[in-house]
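Accompanying notes for the structure given below.
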Amino acid sequence: MTLSFSSFVRIACLALLLSIHTSANALISEESSYNGKIVVPPFVPDVRSLLIQSATRHGWKVIDEKAGELTFELRHVKANALVVAKAAYSKTEIRLDKKSEGKLDATVAASAEARTYQRWMIGLRREIGLNLLLLAIKDAGGTVRERTPVAVEAD
Amino acid sequence: MKQARLAILQGMLFNKGVRLTYEGETANTISARWDYRGGTVLFDIRYDEEKIQIFYKDASEAYACQRLQDGICLDGTYVYYNYMPNFHKSIRIQLKKVRMQK
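Taken in order, these protein sequences are the chains called S and H. According to this note's numbering, the first sequence holds residues 22 to 176 in order. According to this note's numbering, the second sequence holds residues 16 to 117 in order.
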């Protein structure tokens, strides 16, 4: 059975309409759940402090710092896991990236699963988002209870 | 508009269960993120003098919308429909509080 050109066009248009109405947007993949760009709004006074406060609250430690870049490390003894993350930042944006992951003690067989590392990275991004939210509320004229800053261990 | 913005932001913070976090904003749209048990949903909350509307933006596979129309998810997951009413209610509560304060 052959289709006329007009029938073909009609079917193609219908298929296109169905795809617009039925499909959801592009899904967030595993890495993009934490490494997408974070736009920093103008009411953030100090992006570097924001990053350090966010990271250290969940046990990350700053292990390296360059201009516009912080490197954090998370050591999880119970899970025998070590993950290193990099945060590139400017006044207008932050980008998180996982640099490496692996065992804390190579002689021990057990280690964390891949999704565990992803969960920690998402946790880091969430904490940044939460601190941005608190600053946004202050900017909007609201009041928030000050969070007790986490003491950073000195080397 | 200022009251709406504050209500949305406070609604994100005081959301029952898991709070939403800040992803960015434009003149009348706030982008929010909800992370729950390994899955993520992104929303755009648009507001003006008359209304506040929550639109589905994107999600991880676990919570992906199966049928999206004009930013409204018509076929989501059980978790999505179980927890999203909390966010609606949270914004309504905060809007009421903000109006009483001003």
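Note that beta-carbon positions come from the ideal geometry of N, C-alpha and C, so glycine has one too. What you are looking at is a predicted structure, and each value in this text was computed from that prediction instead of being measured.
- In the three-state DSSP reduction, S/Ser-75 falls in the helix class (H, G or I).
- The three-state secondary structure of H/Gly-26, taken from DSSP, is helix.
- Against chain H, a Cβ distance below 8 Å from S/Pro-62 picks out Gly-39, Glu-40.
- Under the 8 Å criterion on CB atoms, H/Glu-64 is classed as non-interfacial with respect to chain S.
- For S/Arg-147, the neighbours in chain H by C-beta distance under 8 Å run, in chain order, Thr-36, Arg-48, Asp-50.
- Under the three-state reduction of DSSP output, H/Leu-57 falls in the strand class.
- In the DSSP assignment, S/Tyr-110 falls within the unbroken beta strand (DSSP E) covering 102 to 110.
- Residue burial annotation: S/Arg-147 is buried, with at least 16 other C-beta atoms found within 10 angstroms of its C-beta.
- For the region 75 to 106 of chain S, the set of positions with a beta-carbon nearer than 8 Å to some beta-carbon of chain H is empty.
- A Cβ of chain H is located within less than 8 Å of the beta carbon of S/Arg-140.
- Scanning H/Ile-106, H/Lys-111, H/Thr-41 for the CA closest to the CA of H/Asn-30 turns up H/Ile-106.
- If you check the CB distance, H/Ala-42 and H/Val-113 do not come in under 8 Å.
- In this structure, S/Val-83 keeps its C-beta atom at 8 Å or more from the C-beta atom of S/Leu-95.
- Listed in chain order, the non-local C-beta contacts of S/Ile-158 below 6 Å within the same chain comprise Val-165, local neighbours out to five positions each way being set aside.
- Under the 8 Å criterion on CB atoms, S/Ile-143 is classed as interfacial with respect to chain H.
- For H/Cys-88, the pairing in a beta bridge is given by DSSP as H/Leu-83.
- DSSP, reduced to helix, strand and coil, places S/Trp-81 outside both helices and strands of the structure shown, so it counts as coil.
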